[in-house]
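A.B. asks: Protein chains in written order, with our numbering: chain A, 4 to 261; chain B, 10 to 240; chain C, 2 to 230.
One structure, as structure tokens, below. Some questions next.
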């Protein structure tokens, strides 16, 4: 079974370009807006990459630490693939794709130690802050992985603690205190079709990829998380080249959050 | 104490400032963003979609509405994702509010899906959702004989206040809260829900005030739909 | 007293009154409610003599007989193929009889004619309700599509993309040297000698979609193609 779309796209790749005229390492225009839901969310942001739109919001709650980490706070990341954003998404319980998006974004934030979990502790073994990140695409025009990571990181940067009197949280009053954040990590997903590696896929490109690799990077270019997707394998050289490209692009992505 | 001056200083018949835009979700058939004060709703239409045999209507399409609050959009703690009884009821009355003006005859056996997402809330959420959904349906090219416009009005001490916000809704001396949706052109009501106590006269006054508010909100809907084609 | 309330080519929205009185008659996307002729769609007002209609600017595709559509082979059965086509949730039928002027006998390997995943330009020969849509590929111009790129335009804009007697699409084909097929369901297939030429065709079609409601479209597209040759 030949795929006329993929065959044609590969012939375009051979000429060194993509269907929309971009270079393989070019992202579409990225915009970041902070504080889009200030009344309800402790932190929020809206990110666009080309026509893809993703919003993220932070809710902070006081809860009990997990028994095995009594002096740490908690983080939970939830991404929901809204049917509003793509006719292919259905109503219903989370699909494996939305679970993957949630967990991949979670790992970029968690494994990079971007949030200082110890500083979220209020009283060891008894009380801690819990950060809940919820991510929603509003328009899926490809590359939700990178847009979701950008939106989540921007929302975390935007977040401020609500007032807490030791017993109860008062959500109607917000302090000026930001979350305890370290150096900014970044996620960059590299796509592969045939022998071509590229970033920031359009929906058509996403449909025909052989593999993808989402790479979470620390501020110093060390890798802190990885997720491979797609049905084809990757050689060690290919993985290395993808990491190289991700490191190069992460700088650009970090600038978007300055 | 009698409620005479509104918390945010508005006049009794004054609606909140509105930002409305159409065609914001390119992958949807039609879409709209509607923000009134701090309540912000997105609506998008997808379809026509196939549905299972039991839900189909052989003569015309079926309208399915889904209202959802984003987890961070509530007024206090995080809202657990997934449908709640409240959101299911709002989804249902939203559909009923829109149906009277829509012609789904071109889509027999199929469904037209309307999705409403709240990004931030400050009361009047189902009304904002319905108002956004009507714009999204028009943007989607679904045949309609009018737009539907919706607003919540509050009644206390025989006075009516249009487009109540959360502070007013929670007013401790008790404000009756009436959610109304209507086809402004025909002045027909398609959504009517009430919480609180009102006399018959108060109710009538409230509905007339709601109509006045809907006229103003409809102007915004019309402008948003036409602005998409501004040269 | 009959009266027209708006101007020709004004943007009109559902429920808006175009004309009052009994002298005018409702045509496409216009209904009469009492004394008023109102629009049921977002579109452009068009008045020809006594007929009032609205040319819609948005809307999904409604299959009808005689339309050419671009679809994808989804399933192969004993008596033919099932075809997915964007804009409609139900599959269309391509029978053995309508697939080729050859006689295809039962039990033949149908993948030789059309295989899973093949894209075809087909004509709708019958529509019954929403689920029975019959296609043919036997008329001239109907065929399997080779490698190329696809784009989706709003179904309501397809007439502008094609133009009167195909004038607009011919202009784009000539200026870009691309082979282009346009389905009434808004699917457009483009195949050219270079990615740049294909992209130019894509941009021209996107421009038509964005500006179809503004006067002088043909001139502007001509200029655009000239400038970017």
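All C-beta atoms in this analysis are idealised placements derived from N, C-alpha and C, irrespective of residue type, glycine included.
None of these values were measured; they are calculated from a predicted model.
Does residue 71 of chain C come within less than 8 Å of chain B when only Cβ atoms are used?
C.D. replies: Mapped onto the third chain, residue 71 of chain C falls at position 70. Judged by the 8 Å Cβ criterion, residue 71 of chain C is not in contact with chain B.
A.B. asks: For residue 192 of chain C, name the three-state secondary structure that DSSP assigns.
C.D. replies: As a position in the third chain, residue 192 of chain C is number 191, starting the count at 1. Three-state DSSP puts residue 192 of chain C in a strand.
A.B. asks: Which residues mark the beginning and the end of the beta strand (DSSP E) in which residue 230 of chain A is found?
C.D. replies: For the purposes of this step, residue 230 of chain A is taken as the residue at position 227 of the first chain. 226-232 is the span of the beta strand (DSSP E), which, as asked, contains residue 230 of chain A.
A.B. asks: Spatial neighbours of residue 205 of chain A within its chain, please: CB distance less than 6 Å, with the 5 preceding and 5 following residues excluded, ordered by chain position.
C.D. replies: Counting from one through the first chain, the residue named residue 205 of chain A turns up at place 202. The residues are 145.
A.B. asks: Which of helix, strand or coil does DSSP assign to residue 121 of chain A?
C.D. replies: To locate residue 121 of chain A, count along the first chain from 1; it is residue 118. Helix.
A.B. asks: What are the complete alpha helix (DSSP H) segments, minimum 4 residues, inside the stretch 83-159 of chain C?
C.D. replies: Listed in chain order, they are 97-100.
A.B. asks: When you compare each of A:249, A:225 and A:159 to residue 48 of chain A by their alpha carbons, which one comes out closest?
C.D. replies: Walking along the first chain from the start, residue 48 of chain A turns up at place 45. The shortest Cα separation from residue 48 of chain A among A:249, A:225 and A:159 belongs to A:159.
A.B. asks: Using a Cβ cut-off of 9 Å, pull out every chain B residue sitting near residue 39 of chain A, in sequence order please.
C.D. replies: Mapped onto the first chain, residue 39 of chain A falls at position 36. Simply 49, 128 and 129.
A.B. asks: What residue range is occupied by the uninterrupted beta strand (DSSP E) comprising residue 72 of chain C?
C.D. replies: Translated into positions along the third chain, residue 72 of chain C becomes position 71. Looking at the DSSP string, the run of the beta strand (DSSP E) that includes residue 72 of chain C is 69-77.
A.B. asks: Going by other Cβ atoms of all chains shown within 10 Å of its Cβ, with 16 needed for buried, is residue 117 of chain C buried or exposed?
C.D. replies: Residue mapping note: residue 117 of chain C aligns to position 116 of the third chain, counting from 1. Exposed, since its Cβ has fewer than 16 Cβ neighbours within 10 Å.
A.B. asks: Buried or exposed: where does residue 41 of chain C fall if 16 or more other Cβ atoms within 10 Å of its Cβ makes it buried?
C.D. replies: For the purposes of this step, residue 41 of chain C is identified with residue 40 of the third chain, where counting begins at 1. Looking at its Cβ environment, which holds 16 or more other Cβ atoms inside 10 Å, residue 41 of chain C is buried.
A.B. asks: Which residues, in order along the stretch 140-152 of chain A, keep a beta-carbon less than 7 Å from a beta-carbon of chain C?
C.D. replies: Those residues of the stretch 140-152 of chain A that come within reach of chain C (Cβ to Cβ, closer than 7 Å) do not exist; the list is empty.
A.B. asks: Please state the DSSP three-state secondary structure of residue 193 of chain A.
C.D. replies: Start at 1 with the first residue of the first chain, and residue 193 of chain A comes out as number 190. Here residue 193 of chain A sits in strand by DSSP.
A.B. asks: Would you call residue 185 of chain A buried or exposed, if buried means 16 or more other Cβ atoms sit within 10 Å of its Cβ?
C.D. replies: By one-based count along the first chain, residue 185 of chain A stands at place 182. Residue 185 of chain A comes out exposed.
A.B. asks: Grab me the residues of residue 51 of chain A's own chain with a C-beta within less than 6 Å of its C-beta, minus the 5 sequence neighbours each way, in chain order.
C.D. replies: The residue you call residue 51 of chain A lines up with position 48 of the first chain. The residues are 34.
A.B. asks: Can you tell me whether DSSP reads residue 163 of chain C as helix, strand or coil?
C.D. replies: Numbered from 1 along the third chain, position 162 holds the residue referred to as residue 163 of chain C. Residue 163 of chain C: helix per DSSP, three-state reduction.
A.B. asks: Can you pull the chain B residues whose beta carbon is under 9 Å from the beta carbon of residue 34 of chain C, in chain order?
C.D. replies: Looking up residue 34 of chain C in the third chain gives position 33. Those are 154, 194 and 195, listed as they occur along chain B.
A.B. asks: Closer than 7 Å by beta-carbon distance: list the chain C residues that pair up with residue 159 of chain B, in chain order.
C.D. replies: Along the second chain, read from residue 1 onward, the residue named residue 159 of chain B stands at position 150. Those within 7 Å of residue 159 of chain B in chain C number zero; the least Cβ separation is about 15 Å.
A.B. asks: Just to make sure I have the definition right: I need the residues of chain B whose C-beta is within less than 7 Å of the C-beta of residue 43 of chain A. Which are they?
C.D. replies: What you label residue 43 of chain A is simply residue 40 of the first chain in a count that begins at 1. Residues of chain B passing the Cβ test: 81, 82, 83, 84, 129 and 130.
A.B. asks: Just to check, is the beta-carbon of residue 75 of chain A closer than 7 Å to a non-hydrogen atom of the ligand ZN?
C.D. replies: For the ligand ZN, the structure offers nothing, since it holds no ligand at all.
A.B. asks: Pick from A:231, A:211 and A:247: whose alpha carbon is nearest that of residue 10 of chain A?
C.D. replies: Along the first chain, read from residue 1 onward, the residue named residue 10 of chain A stands at position 7. Nearest C-alpha to residue 10 of chain A: A:211.
A.B. asks: Going along the stretch 5-21 of chain C in order, which residues come within less than 7 Å of chain B, judged by CB to CB distance?
C.D. replies: Here the close residues are 12, 14, 15 and 16.
A.B. asks: Pick out whichever of C:86, C:132, C:45 and C:123 has its Cα sitting closest to the Cα of residue 115 of chain B.
C.D. replies: Residue mapping note: residue 115 of chain B aligns to position 106 of the second chain, counting from 1. Checking every option, the nearest Cα to that of residue 115 of chain B belongs to C:132.
A.B. asks: Would you list the one or two residues that DSSP bridges to residue 9 of chain B?
C.D. replies: Shown here, chain B extends from 10 to 240; a query on residue 9 of chain B therefore has no answer.
A.B. asks: Residue ranges of each alpha helix (DSSP H) run of no fewer than 4 residues wholly in the stretch 56-120 of chain B, ordered along the chain?
C.D. replies: Fully enclosed alpha helix (DSSP H) runs of 4 or longer: 94-107.
A.B. asks: Return helix, strand or coil for residue 44 of chain C, following the three-state DSSP convention.
C.D. replies: Indexing the third chain from 1 puts residue 44 of chain C at position 43. Strand at residue 44 of chain C.
A.B. asks: Please state the DSSP three-state secondary structure of residue 109 of chain A.
C.D. replies: Taking the first chain and counting its residues from 1, one reaches residue 109 of chain A at position 106. DSSP places residue 109 of chain A in helix when its eight states are reduced to three.
A.B. asks: For residue 172 of chain C, which of helix, strand or coil comes out of DSSP?
C.D. replies: On the third chain, residue 172 of chain C is found 171 positions in, with the first residue counted as 1. Helix at residue 172 of chain C.
A.B. asks: Measure the alpha-carbon distance for residue 29 of chain B versus residue 42 of chain B and round it to whole angstroms.
C.D. replies: Looking up residue 29 of chain B in the second chain gives position 20. Looking up residue 42 of chain B in the second chain gives position 33. Roughly 6 Å separates the two Cα atoms.
A.B. asks: Which class does residue 241 of chain B belong to by DSSP, given the choice of helix, strand or coil?
C.D. replies: Absent from the structure is residue 241 of chain B, since the part of chain B shown begins at 10 and ends at 240.
A.B. asks: Hey, how far is the Cα of residue 180 of chain A from the Cα of residue 112 of chain A?
C.D. replies: Taking the first chain and counting its residues from 1, one reaches residue 180 of chain A at position 177. Taking the first chain and counting its residues from 1, one reaches residue 112 of chain A at position 109. Distance between the alpha carbons of residue 180 of chain A and residue 112 of chain A: 20 Å.
A.B. asks: Please determine if the stretch 73-90 of chain A and the stretch 184-202 of chain A are in contact, where contact requires at least 3 C-beta pairs separated by less than 8 Å.
C.D. replies: The stretch 73-90 of chain A vs the stretch 184-202 of chain A: no contact.
A.B. asks: Report yes or no: do three or more beta-carbon pairs, one from the stretch 171-178 of chain A and one from the stretch 69-76 of chain A, lie closer than 8 Å?
C.D. replies: No, the stretch 171-178 of chain A is not in contact with the stretch 69-76 of chain A.
A.B. asks: By DSSP's criteria, residue 34 of chain B is part of a beta bridge. Which residues make up the other side?
C.D. replies: As a first step, residue 34 of chain B must be located in the second chain, where it is residue number 25. Answer is none; residue 34 of chain B lacks a bridge partner.
A.B. asks: For residue 2 of chain C, which beta-bridge partners are listed by DSSP?
C.D. replies: As a working mapping, residue 2 of chain C is identified with position 1 in the third chain. Paired residue(s): none; residue 2 of chain C is not in a bridge.
A.B. asks: Label residue 49 of chain C either buried or exposed according to how many other C-beta atoms from any shown protein chain fall within 10 Å of its C-beta, with 16 as the threshold for buried.
C.D. replies: To locate residue 49 of chain C, count along the third chain from 1; it is residue 48. Classification of residue 49 of chain C: exposed, given that the 10 Å Cβ count is below 16.
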